[in-house]
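S.K.: Pasting a structure here, questions to come.
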Amino acid sequence: DGGITQSPKYLFRKEGQNVTLSCEQNLNHDAMYWYRQDPGQGLRLIYYSQIVNDFQKGDIAEGYSVSREKKESFPLTVTSAQKNPTAFYLCASSTAGELDTDTQYFGPGTRLTVL
Amino acid sequence: AQTVTQSQPEMSVQEAETVTLSCTYDTSESNYYLFWYKQPPSRQMILVIRQEAYKQQNATENRFSVNFQKAAKSFSLKISDSQLGDTAMYFCASRSYNTDKLIFGTGTRLQVFP
């Protein structure tokens, strides 16, 4: 079954700890994205990657880091520098560079709560 | 910079009726895409429909259709024969051809009543 998986579904973290959210896709998509969703707001882009070993900051990258060592994986680390990390995090992927099919498809999300 | 505005925080409709969700956007680009995504209580974002700005014909996907008014920068979603399973948050989004960034509106919460 092709798709995007995110784990864990729920994650709890103590203040001052780093935590890593997993995102894996088997759609053979080149591009991957991380979004943050807060109540009453739309999704905001944290980081994105169009190709392995390359990634760019989105609109709210401060306090986050990513890596893209494999095409199918794009983990997001929420560091202790992120001031308000409690949120719902969504990963997405798309076929970059192909205009007709360049739609982003989303994983099921991870709810992060900082205690 | 691109912006997307959804002015209806909440809408409700009776089952089998038709409802229209509004979306306006602002962009200086000439080539771009527009999208409607649905987020049910499971919180998975599901693509409902997409529209390429260069196409004059409005996109349709089964019970979902859009009214794309390029000059007015308006992109409304019409849901016909509403079903209980349509209950969800609906997000409008835009993306220009030369960027991977999706710009989202703040969403409209749709409740379908039996």
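Line order of the protein sequences matches chains A and B. In terms of our numbering, the first sequence opens at residue 1 and continues consecutively. In terms of our numbering, the second sequence opens at residue 1 and continues consecutively. For each residue, glycine too, the CB sits at the ideal point set by N, CA and C.
1. Go through its chain and collect everything with a Cβ distance to Q17 of chain A's Cβ below 8 Å, but skip five positions before and after it.
2. For M89 of chain B, list the residues DSSP reports as bridge partners.
3. Is L84 of chain B helix, strand or coil by DSSP?
4. What three-state label does DSSP hand L115 of chain A in the structure shown?
5. Please classify P114 of chain B: is it buried, with 16 or more other beta-carbons within 10 angstroms of its beta-carbon, or exposed?
6. Which residues in the same chain as A59 of chain B place their Cβ atom closer than 8 Å to its Cβ, once the five residues preceding and following it in sequence are excluded?
7. With DSSP run on the structure shown, which of helix, strand or coil describes L91 of chain A?
8. Would you mind giving the Cβ-Cβ distance between V19 of chain B and L84 of chain B, rounded to the nearest angstrom? I have them listed as a contact below 8 Å.
9. Kindly list, in the order they appear in chain B, the residues whose Cβ is closer than 7 Å to that of Q104 of chain A.
M.R.: In brief:
1. S80
2. B:Q39 and B:R109
3. helix
4. coil
5. exposed
6. I49, R50, Q51, S65, V66 and F68
7. The question names Leu, but residue 91 of chain A is Cys in the sequence shown. In this structure, C91 of chain A counts as strand in the three-state DSSP scheme.
8. The pair is not a contact, with the Cβ atoms about 13 Å apart (cut-off 8 Å).
9. L102
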